[in-house]
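In UniProt numbering, the protein residues as written are 1 to 258.
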């Protein structure tokens, strides 16, 4: 299903996006050395419920997972890049943490992800990994405008990742979003210009470049959900929900400036 939102629905999406951004930034400040992933999940649940919103994850049960996800936020540490299921793990100095959150508020969903390094030990390789996903996301957003096609976004993202020397996995990528978290069209992290669905105002997309340092192959953890790099290398993930407008793409999940 591809959903085109009315202006009043886009306004509701702005509120959902603001909530997602607020929760992610709060969790970023709380994710320090010694923090347990289960505490991050619990704090996320509390913020979602206090806002009168709903989790898109707790009952999420697609064909590629084992039963409902059962948690409120994805927490990927180091080699875990997608669908990281919170578990009893205490964050250590130098861990590379990815947080991915999708929430439904007043009938409209928004989805966003951030990656950052915990503590004081920041390796140049990890910093570069995070920064390239951010640059790729910016390039994808710049390519998202009325009349463009999903392939234009994919090409923009893939060009940044490829020039930086990272392998690209196209199994999982961006997607449409609206009254439900995952919709068509699929927006791969590499592709050809001029191909795919033609963008028009009212379309919401969750764009999400992610990379693994030295492989394009994923393996599924024993929890049936967490996707890790096949070589154990470090990973990073950046994501924003955007609304296609008459003028381009409006980012709905930007955090407020301090």
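Glycine included, C-beta positions come from ideal geometry on N, C-alpha and C. Computed from a prediction, not measured in an experiment: that's the story for all the values here.
Open item on the list: Using only the alpha-carbon positions, how far apart do residue 263 and residue 135 sit?
Closed with: Since the first and last residues shown for the chain are 1 and 258, residue 263 lies out of range.
TODO: Whole angstroms is fine: what's the gap from residue 76's alpha carbon to residue 240's?
DONE: Stepping through the chain shown from its first residue, residue 76 is reached at position 76. Stepping through the chain shown from its first residue, residue 240 is reached at position 240. Near 17 Å, if we compare the C-alpha coordinates of residue 240 and residue 76.
Task: Sequence-distant residues of its chain with Cβ nearer than 6 Å to residue 132 (five each side left out) - done: Counted from its first residue, the chain shown places residue 132 at position 132. Closer than 6 Å at the Cβ level, and outside the excluded window around residue 132, lie 164.
Open item on the list: Can you tell me whether residue 217 is buried or exposed? The criterion is at least 16 other CB atoms within 10 Å of its CB, across all chains shown.
Closed with: As a position in the chain shown, residue 217 is number 217, starting the count at 1. Residue 217 sits exposed, since fewer than 16 C-beta atoms from the chains shown fall within 10 Å of its C-beta.
- [ ] Return the chain-ordered list of same chain residues with a C-beta closer than 7 Å to the C-beta of residue 39, the five sequence neighbours on each side being excluded.
- [x] One-based indexing of the chain shown puts residue 39 at position 39. Excluding residues within five positions, none has a Cβ falling inside 7 Å.
TODO: Measure the C-alpha to C-alpha separation of residue 95 and residue 124 and round it to an integer number of angstroms.
DONE: Locating residue 95 in the chain shown gives position 95, counting from the first residue. Locating residue 124 in the chain shown gives position 124, counting from the first residue. Straight-line Cα distance between these residues: approximately 13 Å.
Open item on the list: Once DSSP output is grouped into helix, strand and coil, what is the label at residue 264?
Closed with: For the chain, the structure presents residues 1 to 258; residue 264 sits outside this window and is missing.
TODO: Tell me whether residue 276 sits in a helix, a strand or coil according to DSSP, three-state version.
DONE: Examination of residue 276 is not possible in this model, given that the chain is present from 1 through 258 alone.
Open item on the list: Helix, strand or coil, according to DSSP, for residue 100 in the structure here?
Closed with: In the chain shown, residue 100 corresponds to position 100, counting from 1. Correct three-state label for residue 100: strand.
Open item on the list: Less than 8 Å between the beta carbons of residue 223 and residue 85, yes or no?
Closed with: Indexing the chain shown from 1 puts residue 223 at position 223. Indexing the chain shown from 1 puts residue 85 at position 85. Closer than 8 Å, so yes.
Task: Where residue 136 falls: helix, strand or coil (DSSP) - done: Counting from one through the chain shown, the residue named residue 136 turns up at place 136. DSSP places residue 136 in helix when its eight states are reduced to three.
Task: Minimum C-alpha distance to residue 219 - residue among 79, 47, 195 - done: Locating residue 219 in the chain shown gives position 219, counting from the first residue. The candidate whose alpha carbon is nearest that of residue 219 is 79.
Open item on the list: Quick check on residue 267: does DSSP put it in helix, strand or coil?
Closed with: What is shown of the chain runs 1 to 258, which leaves residue 267 out entirely.
Open item on the list: Could you pull the DSSP bridge partners for residue 212 from this structure?
Closed with: Counting from one through the chain shown, the residue named residue 212 turns up at place 212. For residue 212, which the question treats as bridged, DSSP gives the partners 235.
- [ ] Look up residue 149 in the DSSP assignment and give the residues it is bridged to.
- [x] In the chain shown, counting from the first residue as 1, residue 149 sits at position 149. Partner residues in the beta bridge of residue 149, as assigned by DSSP, are 198.
Task: Limits of the unbroken beta strand (DSSP E) element including residue 23 - done: Taking the first residue of the chain shown as position 1, residue 23 is located at position 23. No beta strand (DSSP E) holds residue 23; the alpha helix (DSSP H) holding it covers 7 to 30.
Open item on the list: For residue 114 and residue 254, which I take to be in contact (beta-carbon distance under 8 Å), what is that distance rounded to the nearest angstrom?
Closed with: The count along the chain shown starts at 1 and reaches residue 114 at position 114. The count along the chain shown starts at 1 and reaches residue 254 at position 254. Rounded to whole angstroms, the Cβ separation of residue 114 and residue 254 is 11 Å, and the two are not in contact under 8 Å.
- [ ] Helix, strand or coil for residue 240, going by three-state DSSP, please let me know.
- [x] As a working note, residue 240 is residue 240 in the chain shown. It is a strand residue.
Open item on the list: Which residue marks the beginning of the alpha helix (DSSP H) containing residue 37, and which one marks its end?
Closed with: Within the chain shown, the letter at position 37 stands for residue 37. Segment 37 to 50, the alpha helix (DSSP H) holding residue 37.
Open item on the list: Can you look up residue 67 in the DSSP assignment and give me helix, strand or coil?
Closed with: On the chain shown, position 67 is the one that residue 67 refers to. When secondary structure is reduced to three states using DSSP, residue 67 falls in the coil class, being assigned neither helix nor strand.
- [ ] Enumerate in chain order the residues of its own chain whose CB-to-CB distance from residue 69 is below 8 Å, with the five nearest sequence positions on each side excluded.
- [x] Position 69 of the chain shown, counted from the start, is the residue given in the question as residue 69. If you ignore the 5 residues before and after residue 69, its C-beta comes within less than 8 Å of the C-beta of 57, 58, 59, 60, 61, 83, 85, 225, all in its own chain and listed in chain order.
- [ ] Report, in whole angstroms, the separation of the C-beta atoms of residue 109 and residue 178, which I expect to be a contact under 8 Å.
- [x] Locating residue 109 in the chain shown gives position 109, where the first residue counts as 1. Locating residue 178 in the chain shown gives position 178, where the first residue counts as 1. Right, their Cβ atoms sit about 7 Å apart.
TODO: Measure the alpha-carbon distance for residue 72 versus residue 53 and round it to whole angstroms.
DONE: Counting from one through the chain shown, the residue named residue 72 turns up at place 72. Counting from one through the chain shown, the residue named residue 53 turns up at place 53. Just so you know, the alpha carbons of residue 72 and residue 53 end up roughly 12 Å apart.
Task: Under 8 Å between C-beta atoms of residue 191 and residue 158 - done: Indexing the chain shown from 1 puts residue 191 at position 191. Indexing the chain shown from 1 puts residue 158 at position 158. Judged by their CB atoms, residue 191 and residue 158 are nearer to each other than the 8 Å cut-off.
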